[in-house]
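Protein chains: 2
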Amino acid sequence: MRTIHVAVAGLGFVGRETVRLLRANRERFRGRLGADVELAAVADRDVHREARRLGLPVSVLRVRDPRRLASLPGIDIVVEVLGGLDAPRALALSSLKTGRHLVTANKRLLSHCWDELRRAAARGSARLYFEASVAGGIPVLQALDNGFAANRIEAVYGILNGTTNYILSSLEHAGPGATMQSALAQAQAAGFAEKDPTMDLSGEDSVQKVSVLASLLTGRALPPGRIARQGITGIERQDIDFALGTLSRTPRLLGVLRLDWGKTVRLEAHVFPTLVPLEHPLAAVRRQYNAVMVKASHADDLMFYGKGAGPGPTASAVVGDVFMLCRDILGAAPSKPRPPVKVELIPVSESVSPYYLRLFAQDKPGVLAKIAAALGRRGISIASIHQSDVPAKDGVPIVLTTHPAKLGAFKAALREILGLGSVARRHTMLRMLP
Amino acid sequence: MRTIHVAVAGLGFVGRETVRLLRANRERFRGRLGADVELAAVADRDVHREARRLGLPVSVLRVRDPRRLASLPGIDIVVEVLGGLDAPRALALSSLKTGRHLVTANKRLLSHCWDELRRAAARGSARLYFEASVAGGIPVLQALDNGFAANRIEAVYGILNGTTNYILSSLEHAGPGATMQSALAQAQAAGFAEKDPTMDLSGEDSVQKVSVLASLLTGRALPPGRIARQGITGIERQDIDFALGTLSRTPRLLGVLRLDWGKTVRLEAHVFPTLVPLEHPLAAVRRQYNAVMVKASHADDLMFYGKGAGPGPTASAVVGDVFMLCRDILGAAPSKPRPPVKVELIPVSESVSPYYLRLFAQDKPGVLAKIAAALGRRGISIASIHQSDVPAKDGVPIVLTTHPAKLGAFKAALREILGLGSVARRHTMLRMLP
Chain G
1 MRTIHVAVAG LGFVGRETVR LLRANRERFR GRLGADVELA AVADRDVHRE
51 ARRLGLPVSV LRVRDPRRLA SLPGIDIVVE VLGGLDAPRA LALSSLKTGR
101 HLVTANKRLL SHCWDELRRA AARGSARLYF EASVAGGIPV LQALDNGFAA
151 NRIEAVYGIL NGTTNYILSS LEHAGPGATM QSALAQAQAA GFAEKDPTMD
201 LSGEDSVQKV SVLASLLTGR ALPPGRIARQ GITGIERQDI DFALGTLSRT
251 PRLLGVLRLD WGKTVRLEAH VFPTLVPLEH PLAAVRRQYN AVMVKASHAD
301 DLMFYGKGAG PGPTASAVVG DVFMLCRDIL GAAPSKPRPP VKVELIPVSE
351 SVSPYYLRLF AQDKPGVLAK IAAALGRRGI SIASIHQSDV PAKDGVPIVL
401 TTHPAKLGAF KAALREILGL GSVARRHTML RMLP
Chain S
435 MRTIHVAVAG LGFVGRETVR LLRANRERFR GRLGADVELA AVADRDVHRE
485 ARRLGLPVSV LRVRDPRRLA SLPGIDIVVE VLGGLDAPRA LALSSLKTGR
535 HLVTANKRLL SHCWDELRRA AARGSARLYF EASVAGGIPV LQALDNGFAA
585 NRIEAVYGIL NGTTNYILSS LEHAGPGATM QSALAQAQAA GFAEKDPTMD
635 LSGEDSVQKV SVLASLLTGR ALPPGRIARQ GITGIERQDI DFALGTLSRT
685 PRLLGVLRLD WGKTVRLEAH VFPTLVPLEH PLAAVRRQYN AVMVKASHAD
735 DLMFYGKGAG PGPTASAVVG DVFMLCRDIL GAAPSKPRPP VKVELIPVSE
785 SVSPYYLRLF AQDKPGVLAK IAAALGRRGI SIASIHQSDV PAKDGVPIVL
835 TTHPAKLGAF KAALREILGL GSVARRHTML RMLP
């Protein structure tokens with residue numbers, strides 16, 4: 001019986017759970033694959049301590065420097081769950097170049113080094129699997145790759161970050177004293193936000209995932225720097241209350257990828273806080289859960305919902321990838337990644353959405369007319385306008401929603417509006433799902 | 435370059451869409467598989483007319499009798515989308531026995547003939563794929579088979595029937611005159627219910643899907659007759675209004691499969707209308723959509739949401755299966771189906787749930803006490819009780835909800851309650867998600 005040798009780089013929470021799952025599934029994988037899937041080596045700074053804690057047999061090689069895994073003879077699959085960028089990059093490139101297949105959960109590595117990884121894989125005739133990098137334990141990349149093989153994927157969008165979703169959804173039914181700041185503190189206490197939550201709150205984490213999805217579907221790099229983003233820090237409690245009470249909507253941080261399949265694929269890619277109708281399935285996604293909507297040419301609208309992070313879900317996706325790679329290895333002619341297509345990134349200013357805008361204006365005649373004129377001049381029509389009679393510090397709050405408009409036109413109108421002497425600089429701007 | 439030959443039996447809506455998708459994807463599949471996937475033969479009662487309408491080249495063989503496809507030389511994959519039971523069964527068995535891989539969307543065939551199909555596949559060393567048979571275009575079977583390869587699947591449950599979901603969800607926000615009957619008529623007019631909707635309304639369609647899921651996960655037949663079911667015809671508009679207004683819940687017809695993995699797998703399998711909390715993701719599943727919840731040992735709670743029927747979604751799943759089979763065929767050692775495990779079906783009377791019960795009682799002292807006593811004697815405690823002061827035809831409506839209890843005990847109490855002279859026979863009983 002053939003044996004497939006696997007090496008795991010990184011024995012943190014995810015790495016340890018990966019090792020446990022690989023070992024717990026030996027019998028089942030042997031039954032289903034007709035081959036042994038064997039843990040052959042592990043790498044970690046504290047490799048001896050961690051290997052002892054895991055009760056690994058002496059036959060499992062232990063190394064301190066993960067890069068050594070790529071030069072060990074006989075390794076078929078390298079699993080990279082190190083964290084960081086430089087060490088994963090070095091390990092991934094040398095593994096792929098020398099013909100070792102690679103499984104990684106590292107969205108930062110994938111989004112920043114896609115072209116390098118692709119070239120290295122081509123050189124070594126090796127494959128790269130990365131299910132865990134987007135939406136954790138949800139097998140959405142396998143679905144996009146295999147289940148929807150017969151479809152054109154027209155859009156992939158959704159809640160790709162658990163931290164921001166935990167914060168936003170916790171404010172939906174919170175007491176009157178709760179603020180974005182208190183919700184963040186609560187998320188940190190519950191273990192769903194990092195001490196430094198910048199990557200999550202700024203939308204950068206979601207941007208990396210949109211980048212990975214774009215690369216999977218087009219075969220081309222789309223570096224994070226080319227993806228427009230807005231985080232959730234500008235949202236105030238009042239926006240959430242108003243959206244719920246008056247618009248029957250709730251804010252979610254959405255990563256969006258739309259693909260228009262012509263000879264060149266026109267791509268729309270961005271991350272924005274977005275007001276979602278309460279009856280939309282994404283509004284039912286609460287706490288740390290992730291959800292990915294897929295619009296496919298034939299399977300139509302789908303949603304994949306589950307836990308986007310945590311050692312269990314991440315290791316589940318990593319070992320699922322190992323299983324698929326074993327199928328490939330044991331087969332003579334595994335399926336190839338999609339050949340790269342020509343891609344044109346649509347400028348985010350061309351992206352169309354209805355908008356939500358909360359402003360503070362001096363309560364005097366003509367202000368509303370000027371605001372409406374600034375929008376109207378750019379062909380943007382107002383869907384609803386709500387003026388409170390309770391003046392706040394910066395003036396009377398005005399909330400308006402628009403019909404779908406291009407972001408560029410809306411931003412130009414917004415600049416004009418904020419330049420009116422009678423309107424405060426302070427404002428909240430959100431997209432809305434149509 | 436190797437060519438894989440595919441035959442399609444049945445050129446109805448799904449069959450025609452399957453043929454179109456196979457032909458439209460030739461280039462892409464060649465790129466990803468390094469092989470040609472060619473439509474070699476079609477079968478239909480009106481095969482010449484349908485082939486002409488599809489514009490098939492003369493090289494595609496046309497036959498009237500689908501069973502002939504199994505004896506054509508050189509066919510690698512037979513796609514069965516005939517409908518019915520006898521002709522599909524004959525075609526499936528002879529295809530598998532003679533080493534043709536089979537793709538089917540036919541839940542009735544799978545649920546009624548699992549053991550026969552399995553034996554035929556073993557005899558011919560052929561594989562059987564059936565993604566489209568459960569939840570249409572949602573690739574949930576592939577996910578269970580591959581993406582969750584490293585997990586124990588502890589439960590699969592959800593909305594497996596679009597017709598009943600269309601009816602139930604349309605009543606959530608319907609005008610005061612709407613009834614189950616008017617909602618059914620509307621579903622029929624919109625094309626989401628058959629002229630004879632018995633299979634759907636009775637829960638039998640969902641039962642067949644639970645049976646297929648059980649067989650996929652255990653390798654064993656679980657014939658539909660062994661799966662307890664209750665349809666939606668007993669639900670009245672008042673139950674929905676009360677559930678929404680007072681319990682913050684909404685009814686959904688849920689197919690449920692729970693698996694307790696010991697040496698023998700203890701299975702719980704049934705289909706019941708169930709009150710789902712409004713904040714649960716299943717409550718956000720409306721109209722004809724399906725949704726499958728998965729509880730996996732490591733990936734944890736997931737939901738797959740999408741269209742469960744229709745030619746586009748069904749053909750998408752069918753051709754996704756063809757793509758996976760091509761990967762298997764081109765590989766030397768494809769993954770095997772799960773080896774059958776020992777299975778013990780838990781009697782549905784042992785199944786535990788909280789319950790909703792609406793009764794009509796005469797408005798006289800002591801009735802509530804007798805009802806409570808009937809429950810209490812069986813260890814069932816009441817969670818809430820609501821008595822209306824507006825008497826209806828059969829008496830005063832009483833709605834009560836219980837804490838979790840075994841179905842057998844609850845039904846015994848119900849029999850006693852309905853035998854009280856002061857309680858009408860008419861009642862509604864629903865499960866509730868905890």
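Residue numbers (the working numbering), protein chains in the order written: chain G, 1 to 434; chain S, 435 to 868. C-beta atoms are modelled at their ideal positions from N, C-alpha and C, and glycine is treated no differently.
Just verifying my parser: in three-state terms, what is the DSSP assignment at residue i?
i	result
G:Ser353	strand
G:Gln387	strand
S:Met866	strand
S:Glu484	helix
G:Arg127	coil
G:Ala332	Here G:Ala332 scores only 45 on pLDDT, less than 50, and its place in the model should not be relied on; the value that follows carries that caveat. Three-state DSSP puts G:Ala332 in coil, outside helix and strand.
S:Ile851	helix
S:Pro707	strand
S:Gly829	strand
S:Leu693	strand
G:Gly306	strand
S:Ser604	helix
G:Thr246	coil
G:Asp301	strand
S:Asp470	strand
Name the chain C residues that come within less than 9 Å of residue i, Cβ to Cβ?
i	result
S:Ala485	Although the question refers to chain C, the structure presented lacks it and instead comprises the protein chains G and S.
Is the Cβ-Cβ distance between residue i and residue j less than 8 Å?
i	j	result
S:Val728	S:Gly653	no
G:Thr314	G:Ala105	yes
S:Gly524	S:Leu543	According to the sequence displayed, residue 524 of chain S carries Ala and not Gly. Cβ atoms of S:Ala524 and S:Leu543: not closer than 8 Å.
S:Arg663	S:Val646	no
S:Arg534	S:Ala554	no
G:Glu131	G:Asp321	yes
G:Thr401	G:Ser388	no
S:Pro658	S:Glu638	yes
G:Ala269	G:Ala214	yes
G:Thr233	G:Leu254	no
G:Val271	G:Ile227	yes
S:Ser604	G:Asn151	no
S:Met866	S:Leu848	no
S:Tyr600	G:Leu302	no
S:Ala569	S:Leu594	yes
Please report the straight-line C-alpha distance between residue i and residue j, rounded to a whole angstrom.
i	j	result
G:Ile481	G:Ala183	Outside the shown range of chain G, which is 1 to 434, sits residue 481 of chain G, and nothing can be said about it.
G:Ala333	G:Leu128	Unreliable placement is indicated for G:Ala333, whose pLDDT of 49 sits below 50; the coordinate value is still reported in the next sentence. Rounded to whole angstroms, G:Ala333 to G:Leu128 spans 15 Å at the Cα level.
G:Ile4	G:Arg30	10 Å
G:Leu21	S:Thr680	45 Å
S:Val752	S:Val440	12 Å
S:Gly842	S:Gly813	12 Å
S:Met758	G:Gly158	27 Å
G:Ile417	G:Arg377	12 Å
S:Pro685	S:Ser636	15 Å
G:Val140	G:Ser133	10 Å
G:Gly83	G:Phe13	11 Å
Taking Cβ positions only, does residue i come closer than 8 Å to chain S?
i	result
G:Val319	yes
G:Ile159	no
G:Asn151	yes
G:Arg249	no
G:Tyr356	no
G:Gln181	no
Would you say residue i lies against chain G (beta-carbon separation less than 8 Å)?
i	result
S:Ile572	yes
S:Ser783	no
S:Asn599	no
S:Met866	no
Any 3 or more C-beta pairs closer than 8 Å across the stretch 485–501 of chain S and the stretch 470–477 of chain S = Enough Cβ pairs lie closer than 8 Å, so yes.
query = How do the stretch 135–150 of chain G and the stretch 358–378 of chain G stand: do at least 3 beta-carbon pairs fall below 8 Å, yes or no?
reply = Inter-segment contact for the stretch 135–150 of chain G and the stretch 358–378 of chain G is absent: fewer than three beta-carbon pairs are separated by less than 8 Å.
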